[in-house]
Amino acid sequence: MSPHVIKLRSQNNNAFEHAEALGRSRAKRQEHRKFLVEGVPTIRQAVALGWKIDALYYAGDIELSSFARKVLDRSTARRHFELPTRLFDSLHRSRKQEKPSELIALIEMPPEDLSRIPVKEDSVVLVFDRPSDHGNLGTIIRTCEAFGAAGLIITGHAVDLYDPQTVRASMNSLFTLPVVRLPSHREVRKWANGIRQRYPSFRLVGTSAHGSHDIRQQEFKRPVALVLGNETHGLSMNYAKVCDAMVRIPMQGSVSSLNVASAAAILLYEIERQRPSGDT
1 MSPHVIKLRS QNNNAFEHAE ALGRSRAKRQ EHRKFLVEGV PTIRQAVALG WKIDALYYAG
61 DIELSSFARK VLDRSTARRH FELPTRLFDS LHRSRKQEKP SELIALIEMP PEDLSRIPVK
121 EDSVVLVFDR PSDHGNLGTI IRTCEAFGAA GLIITGHAVD LYDPQTVRAS MNSLFTLPVV
181 RLPSHREVRK WANGIRQRYP SFRLVGTSAH GSHDIRQQEF KRPVALVLGN ETHGLSMNYA
241 KVCDAMVRIP MQGSVSSLNV ASAAAILLYE IERQRPSGDT
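Per our numbering, residue 1 is the first one in the sequence shown, and the count goes up by one each step.
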């Protein structure tokens, strides 16, 4: 069935106001379980990976590239919204110096279901508690995909996974890596206990500058969930209590901590290095 094309000429209508609200409001995104995504390559990636596109927005008074036109021609979205350039540009949440995208998509959020993360006997899962920076969260999503993590779990009060800044920082990896949001460590503990029924060697390993083990001394050849704490406050006492081990990254000089995204890359690299399939 072909999409229903709707021409919007004014911002004073429900369809435009709805899209604009989803772009700026976390509460609205969560209420409707939908979010906006900018960029033809990013939208193509989401479509290829089976994410459900509810609607596409584009400027009708300019000539679109062949890439953008192909996305529209092959679209399975229910609706296409054609806008004047002045209205279309106002929907963008990109940085001011960036060139606006040709397309914006309204995409449905997947369920917050841990079954989306496929845990096997050699899996690595990252748990990020209370991330407070969109850039760090997006970078960690990219890093998880780069090192073959099975998925990412976000817990506690955190920046919005579906904020345009996070989506942009993930560089399309948000659509490839299963990411699930949970209220607290309690749900992670319950999930971990369930995983141990299948894989008794599964471990929760926390990270802290005060960890008792150097990461090079910790054995990472078994299935593991690596737990990272908040950028400012570090790992909570609740997580420290449920973790099977606490590790630290060795550092020299006066440095006492690293950016959390940098730490995640180092930790995931060490896990990869220890495993037979690693290239190093």
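Glycine is no exception: its CB is placed at the ideal position from the N, C-alpha and C atoms.
Handout entry: GLY23 vs PRO164 beta-carbon contact at 8 Å
Key = Counting from one through the sequence shown, the residue named residue 23 turns up at place 23. Counting from one through the sequence shown, the residue named residue 164 turns up at place 164. Yes, Cβ-Cβ distance for GLY23 and PRO164 is below 8 Å.
Exercise for the section: List the endpoints of the continuous alpha helix (DSSP H) containing TYR58. Expected result: Within the sequence shown, the letter at position 58 stands for residue 58. Element bounds for TYR58: not the alpha helix (DSSP H) but the beta strand (DSSP E), 53-59.
Handout entry: Residue range of the alpha helix (DSSP H) that includes THR155
Key = Numbered from 1 along the sequence shown, position 155 holds the residue referred to as residue 155. Premise fails: THR155 lies in the beta strand (DSSP E), 151-155, not in any alpha helix (DSSP H).
Practice task
Quick one: grab the DSSP three-state call for THR207.
Solution key: Here residue 207 is taken as the residue at index 207 of the sequence shown, counted from 1. Residue state, collapsed to three classes: strand.
Problem - Beta-carbon proximity check, LEU182 vs GLU82, cutoff 8 Å - result: Position 182 of the sequence shown holds residue 182. Position 82 of the sequence shown holds residue 82. Not in contact: LEU182 and GLU82 (Cβ atoms no closer than 8 Å).
Problem - Buried/exposed call for GLY115, threshold 16 Cβ in 10 Å - result: The sequence position of residue 115 within the sequence shown is 115, counting from 1. What sits at residue 115 in the sequence shown is Ser, not Gly. With fewer than 16 Cβ atoms within 10 Å of its Cβ, SER115 is classed as exposed.
Exercise for the section: Work out the CA separation of PRO84 and LEU91 for me, nearest whole Å. Expected result: One-based indexing of the sequence shown puts residue 91 at position 91. One-based indexing of the sequence shown puts residue 84 at position 84. Approximately 11 Å between the Cα atoms of the pair.
Practice task
Return the CA-CA distance between TRP51 and ALA240, expressed in angstroms with no decimal places.
Solution key: Along the sequence shown, read from residue 1 onward, the residue named residue 51 stands at position 51. Along the sequence shown, read from residue 1 onward, the residue named residue 240 stands at position 240. TRP51 and ALA240: Cα-Cα distance of roughly 35 Å.
Practice task
Measure the alpha-carbon distance for LEU235 versus ALA209 and round it to whole angstroms.
Solution key: Stepping through the sequence shown from its first residue, residue 235 is reached at position 235. Stepping through the sequence shown from its first residue, residue 209 is reached at position 209. Roughly 10 Å between the two C-alpha positions.
Exercise for the section: Following the continuous alpha helix (DSSP H) through ASP160, name the residue where it begins and the one where it ends. Expected result: Start at 1 with the first residue of the sequence shown, and residue 160 comes out as number 160. Looking at the DSSP string, ASP160 is not in any alpha helix (DSSP H), and its letter there is neither H nor E.
Handout entry: Nearest to HIS213 (by Cα), restricted to the options TYR162, ASP244, PRO200 and ALA46
Key = Here residue 213 is taken as the residue at index 213 of the sequence shown, counted from 1. Cα-wise, what sits closest to HIS213 is ASP244.
Exercise for the section: Go ahead and label ASN13 buried or exposed: buried means 16 or more other beta carbons lie within 10 angstroms of its beta carbon, across all protein chains shown. Expected result: Within the sequence shown, residue 13 is the residue found at index 13, counting from 1. By the neighbour-count rule (16 or more Cβ atoms within 10 Å), ASN13 is not buried but exposed.
Problem - Integer Cβ distance of LEU106 from LYS190, believed to fall under 8 Å - result: Counting from one through the sequence shown, the residue named residue 106 turns up at place 106. Counting from one through the sequence shown, the residue named residue 190 turns up at place 190. Between LYS190 and LEU106 the Cβ distance is about 33 Å, and since that is not below 8 Å, they are no contact.
Handout entry: Buried or exposed by the 16-neighbour rule on C-beta atoms within 10 Å, applied to ASN136
Key = Against the sequence shown, residue 136 aligns to sequence position 136. It is buried - the Cβ of ASN136 has at least 16 other Cβ atoms within 10 Å.
Handout entry: PHE202 burial status per 10 Å Cβ neighbour count (16 or more: buried)
Key = Here residue 202 is taken as the residue at index 202 of the sequence shown, counted from 1. Under this definition PHE202 is a buried residue.
Exercise for the section: Inspect the CB distances between the segment 61-75 and the segment 121-134 and report whether three or more fall short of 8 Å. Expected result: no
Handout entry: Among GLN30, ARG29 and LEU56, nearest to THR42 - alpha-carbon criterion
Key = Indexing the sequence shown from 1 puts residue 42 at position 42. When only C-alpha atoms are compared, the closest one is LEU56.
Handout entry: beta strand (DSSP E) segment containing THR196, residue limits
Key = Locating residue 196 in the sequence shown gives position 196, where the first residue counts as 1. Note on identity: in this sequence residue 196 is Arg, with Thr being the wrong assignment. Taken as a continuous stretch (DSSP letters only), ARG196 belongs to no beta strand (DSSP E), being part of the alpha helix (DSSP H) at 185-198.
Handout entry: Alpha carbon of ILE271 to alpha carbon of ALA264, nearest angstrom
Key = Here residue 271 refers to the residue found at position 271 of the sequence shown. Here residue 264 refers to the residue found at position 264 of the sequence shown. Each residue's alpha carbon lies about 11 Å from the other.
Handout entry: HIS4 in three-state terms, based on DSSP
Key = Here residue 4 is taken as the residue at index 4 of the sequence shown, counted from 1. In the structure shown, HIS4 sits in a strand (DSSP, three-state: E or B).
Exercise for the section: Please report how far the alpha carbon of LEU174 lies from the alpha carbon of VAL205, in whole angstroms. Expected result: The residue given as residue 174 occupies position 174 in the sequence shown. The residue given as residue 205 occupies position 205 in the sequence shown. Roughly 24 Å between the two C-alpha positions.
Exercise for the section: Name the two residues that bound the continuous alpha helix (DSSP H) containing ALA105. Expected result: Position 105 of the sequence shown, counted from the start, is the residue given in the question as residue 105. That residue, ALA105, is in no alpha helix (DSSP H); its beta strand (DSSP E) goes 103-108.
Practice task
Given a cut-off of 8 Å, decide if VAL127 and VAL188 are closer than it, judged by their beta-carbon atoms.
Solution key: Within the sequence shown, numbered from 1, the residue matching residue 188 stands at position 188. Within the sequence shown, numbered from 1, the residue matching residue 127 stands at position 127. For VAL188 and VAL127, yes; Cβs fall inside 8 Å.
Handout entry: Helix, strand or coil at GLU272 according to DSSP, with G and I counted as helix
Key = Here residue 272 refers to the residue found at position 272 of the sequence shown. Helix.
Practice task
Going by DSSP, name the residue or residues bridged to ALA245.
Solution key: In the sequence shown, counting from the first residue as 1, residue 245 sits at position 245. For ALA245, which the question treats as bridged, DSSP gives the partners VAL205.
Problem - Within 8 Å, strictly: CB atoms of ILE53 and THR76 - result: By 1-based counting over the sequence shown, the position of residue 53 is 53. By 1-based counting over the sequence shown, the position of residue 76 is 76. Yes; because the gap between Cβ atoms is below 8 Å, this pair is in contact.
Practice task
Have a look at VAL242, PRO111, GLY60 and PRO223 and flag the residue whose alpha-carbon is nearest the alpha-carbon of LYS120.
Solution key: As a working mapping, residue 120 is identified with position 120 in the sequence shown. If we check each option's Cα against that of LYS120, PRO223 comes out closest.
Handout entry: DSSP state of ASN13 mapped onto helix, strand, coil
Key = Stepping through the sequence shown from its first residue, residue 13 is reached at position 13. Coil, per DSSP.
Exercise for the section: Identify the continuous beta strand (DSSP E) that holds ALA225 and give its terminal residues. Expected result: As a first step, residue 225 is located in the sequence shown; it is residue number 225 there, counting from the start. Run containing ALA225: 224-228, per the beta strand (DSSP E) assignment.
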